[in-house]
Amino acid sequence: MIERLLELAARRAEAADATLKSDETVTLLFESGRLKSTAWSQESGVNLRVRSGGRLGVAGSTAGDPAAVVEAALDSAAIGDAVDLLLPAPAPLPPVRTHSPAAAAASVGDLAAIGQGLVERLSRDGWQVNVTVERSAGSVRVANSRGVEAAYDVSAVSLAAEITRVSGDDVLMVSDLYAAVDLPPEPSVAALAESILRRARWAERPAPPPRGELPVLFTPAGSAALLLPLRQAFLGKAVLQGISPLGGRRGERVFDPALTLIDDPWADGVAGSRGIDDEGVPTRRLPLVEQGRVAEFVYDLETAARAGVPATGHARRSTFGKPQASYSNLRLLPGELGWDQLLARMPDGLVVDDLIGVGQGNVIGGAFSHPVALAYRVSAGEILGRVKDAAVSGNSYELLRQVAGLGRDAEWRGSLCIPPILLAGVSVTPR
Numbered sequence: 006m007i008e009r010l011l012e013l014a015a016r017r018a019e020a021a022d023a024t025l026k027s028d029e030t031v032t033l034l035f036e037s038g039r040l041k042s043t044a045w046s047q048e049s050g051v052n053l054r055v056r057s058g059g060r061l062g063v064a065g066s067t068a069g070d071p072a073a074v075v076e077a078a079l080d081s082a083a084i085g086d087a088v089d090l091l092l093p094a095p096a097p098l099p100p101v102r103t104h105s106p107a108a109a110a111a112s113v114g115d116l117a118a119i120g121q122g123l124v125e126r127l128s129r130d131g132w133q134v135n136v137t138v139e140r141s142a143g144s145v146r147v148a149n150s151r152g153v154e155a156a157y158d159v160s161a162v163s164l165a166a167e168i169t170r171v172s173g174d175d176v177l178m179v180s181d182l183y184a185a186v187d188l189p190p191e192p193s194v195a196a197l198a199e200s201i202l203r204r205a206r207w208a209e210r211p212a213p214p215p216r217g218e219l220p221v222l223f224t225p226a227g228s229a230a231l232l233l234p235l236r237q238a239f240l241g242k243a244v245l246q247g248i249s250p251l252g253g254r255r256g257e258r259v260f261d262p263a264l265t266l267i268d269d270p271w272a273d274g275v276a277g278s279r280g281i282d283d284e285g286v287p288t289r290r291l292p293l294v295e296q297g298r299v300a301e302f303v304y305d306l307e308t309a310a311r312a313g314v315p316a317t318g319h320a321r322r323s324t325f326g327k328p329q330a331s332y333s334n335l336r337l338l339p340g341e342l343g344w345d346q347l348l349a350r351m352p353d354g355l356v357v358d359d360l361i362g363v364g365q366g367n368v369i370g371g372a373f374s375h376p377v378a379l380a381y382r383v384s385a386g387e388i389l390g391r392v393k394d395a396a397v398s399g400n401s402y403e404l405l406r407q408v409a410g411l412g413r414d415a416e417w418r419g420s421l422c423i424p425p426i427l428l429a430g431v432s433v434t435p436r
């Protein structure tokens, strides 16, 4: 279909590009330790962009009628924005593993066995155990009127678990997840279960919340509030719109020299990896922060053309809508400190594992203030127990200027790989 789309578009437009994606997803849900439901879905869609009269138009379809898609894209271009956008030419692509044949071929029985095994590892008296196993497999095809033609298979497996313990009016919830191209091997399932059990043990005893500007250790799971502003600020569109606090600061040391943040589309076996983006631009490892200095921003073709810079290979496109810049896999490079060494640097403070309300408000400005969903009191380098009624606040840009400690054990959280981060001067208040 994609060849026919480009053939028809070339007769009436100056340039065109398209993606064709297919996906089959199986989802198993275990509730209270038992298999509750199994869902299956399959979808396929094509997205076409044309440049006609110097204007861009986009159309998508799941129906498979090339002529109708081309007509809709041309109609869109008639009222679209004028952009001097140059499509990429063919170029060598890096080898990136995006697919696991074993994962793609896994049966419902195979997936159920994985989920049941995790349920058995987590089952305890008085606990409700919920587990979700999801496997998707499909393909991506990218082509344009300048001769780009690339296709690759994709697979993704996620294994998520949550335990809930109710005691009177106290509700404890602890969760964790595995996500990769491959089926989770037994050691990964065991590590996922142990992560949840360890944090549940820490939460067995209540601890009073501290107060003041204190050291706070953000676990990989609890660091979303810190990194979400950066995820927005490094988008080229935000720089172009003048709303990024980092715009115009390339080369400036904005963060602690210990921090290096890269977007890594070549990470082996990670679901966000790929060798080519959805606009036909080859991907590359892109440094966003290098030893505390602002390095690069991410651009798709349109925002790059408007900014007068090269595209960085970060475009994603769905069946409907125009391409948008999006990260592949963000990696904050680890430090040298072990977990106990990080705790030893905390005379009094918190370990934050989960926050409530992340993503609300003016995120890009860096300010955050969130109640804790799961946090632990630390005194003299020892975890005392779980803190319930507390909130943490601060500004990501200010706190990340001086890092008190960076862990050596980075963890993948979906498409984010991050170590524990110890920050001083985080405001902690009881609620």
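In the working numbering, each residue carries its 1-based index in the sequence shown increased by 5. Backbone N, C-alpha and C fix where the C-beta goes; we use that ideal spot for every residue, glycine too. Just so it is clear, the structure is predicted and the values come from calculations on it, not from any experiment.
Give the secondary structure of G366 by DSSP, where H, G and I count as helix, E and B as strand, and everything else as coil.
-> Residue state, collapsed to three classes: coil.
Beta-carbon separation (whole angstroms), G280 vs P287, contact threshold 8 Å | Confirmed, Cβ separation roughly 7 Å.
Could you round the C-beta distance between P339 and I361 to whole angstroms and report it? I think they count as a contact, below 8 Å.
-> About 27 Å separates the two Cβ atoms, so there is no contact after all.
Is the beta carbon of P425 less than 8 Å from the beta carbon of P225?
-> With respect to the 8 Å criterion, P425 and P225 are classified as neighbours on the basis of their beta carbons.
Taking the CB atoms as reference points, tell me whether T434 and A396 lie closer together than 8 Å.
-> Yes.
Meets three-Cβ-pair contact criterion under 8 Å: the segment 396-407 and the segment 188-202 | At 8 Å Cβ cutoff, the stretches do not touch.
Rounded to whole angstroms, what's the CA-CA distance from D283 to L264? Just pull it up for me.
-> Distance between the alpha carbons of D283 and L264: 29 Å.
How many angstroms separate the CA atom of N149 from the CA atom of L90?
-> Each residue's Cα considered, the two are about 13 Å apart.
Along the chain, which unbroken stretches of the beta strand (DSSP E) at least 3 residues long are found entirely within the segment 117-187?
-> If we require 3 residues or more, the beta strand (DSSP E) runs fully inside the segment 117-187 come out as 132-149, 154-172 and 175-185.
Determine the DSSP secondary structure at V377, reduced to helix, strand or coil.
-> It is a strand residue.
Could you tell me the distance, in whole angstroms, from the CA atom of A217 to the CA atom of A372?
-> The displayed chain sequence assigns Gly, not Ala, to residue 217. Near 17 Å, if we compare the C-alpha coordinates of A372 and G217.
Strand pairing of G58, partner residues [DSSP] = G58 pairs with nothing; no bridge assigned.
Under 8 Å, do G285 and V153 count as touching if we go by C-beta distance?
-> Yes.
I7, DSSP secondary structure in three states = In the three-state scheme derived from DSSP, where H, G and I count as helix and E and B as strand, I7 is classed as helix.
Note the first and the last residue of the continuous alpha helix (DSSP H) segment covering S81.
-> Where S81 is concerned, the enclosing alpha helix (DSSP H) stretches over P71 to A83.
Would you give the residue range spanned by the alpha helix (DSSP H) that P220 belongs to?
-> No alpha helix (DSSP H) contains P220, which is instead part of the beta strand (DSSP E) from G217 to F223.
Count the C-beta pairs between the segment 160-171 and the segment 127-147 that are closer than 8 Å, then say yes if the count reaches three, no if not.
-> Contact check between the segment 160-171 and the segment 127-147: three or more CB pairs, one atom from each, fall below 8 Å, which counts as touching.
Cβ neighbours of A14 in the same chain (closer than 6 Å, five flanking residues each side left out) = Spatial neighbours of A14 in its own chain (CB-CB distance under 6 Å, excluding positions within 5 residues in sequence) are listed in chain order as A21, V55 and V75.
For the alpha helix (DSSP H) that P440 lies in, which residues bound it at each end?
-> Not covered by the structure: residue 440. The range shown for the chain is 6 to 436.
Segment contact flag, the segment 89-106 with the segment 294-305, C-beta cutoff 8 Å, min 3 pairs = No, because fewer than three Cβ pairs between the segment 89-106 and the segment 294-305 fall closer than 8 Å, the two stretches do not touch.
Could one say the Cβ of R54 lies closer than 8 Å to chain D's Cβ atoms, at least one of them?
-> Protein chains in the displayed structure number just one, and chain D is not present.
In angstroms, rounded to a whole number, what distance separates the CA positions of P3 and I369?
-> Nothing about residue 3 can be reported from this structure: the residues present for the chain run from 6 to 436 only.
Give the straight-line distance between the Cα atoms of A83 and N367, rounded to the nearest whole angstrom.
-> Using only the alpha carbons, I get a separation of about 35 Å.
Can you tell me whether K327 is buried or exposed, with buried defined as 16 or more other CB within 10 angstroms of its CB?
-> A residue is called buried once 16 or more other Cβ atoms fall within 10 Å of its Cβ, and K327 is buried on that count.
Counting only runs that start and end within the segment 239-278, where is the alpha helix (DSSP H) found for 4 or more residues in a row?
-> The segment 239-278 contains these whole alpha helix (DSSP H) runs: 241-246.
Just mark T317 as buried or exposed, buried being the case when its beta carbon has 16 or more other beta carbons within 10 Å.
-> Buried.
Check T434 in the structure and name its three-state DSSP category.
-> Correct three-state label for T434: strand.
Work out the CA separation of L405 and V259 for me, nearest whole Å.
-> Each residue's alpha carbon lies about 8 Å from the other.
Per DSSP, what kind of secondary structure is I388 in: helix, strand or coil?
-> Looking at I388 - three-state DSSP - the assignment turns out to be strand.
Can you tell me whether DSSP reads T288 as helix, strand or coil?
-> Three-state DSSP puts T288 in coil, outside helix and strand.
Under 8 Å between C-beta atoms of S46 and T30 = At a Cβ-Cβ threshold of 8 Å, S46 and T30 count as neighbours.
How would you label D268, buried or exposed, when you count the other beta carbons within 10 angstroms and need 16 or more for buried?
-> So D268 ends up on the buried side.
Counting along the chain, where does the alpha helix (DSSP H) carrying A194 start and finish?
-> Note on residue identity: the sequence assigns Val, not Ala, to residue 194. According to the DSSP assignment, V194 belongs to the alpha helix (DSSP H) that extends over E191 to W207.
C-alpha gap between A161 and S105, whole angstroms = Straight-line measurement puts the Cα of S105 at about 8 Å from the Cα of A161.
Could you say which of A77, A212 and V124 lies nearest to D394 if we only look at CA atoms?
-> It is A212 whose Cα lies nearest to the Cα of D394.
Local conformation of P211 per DSSP, three classes = Shown here, P211 sits in a strand according to DSSP, grouped into three states.
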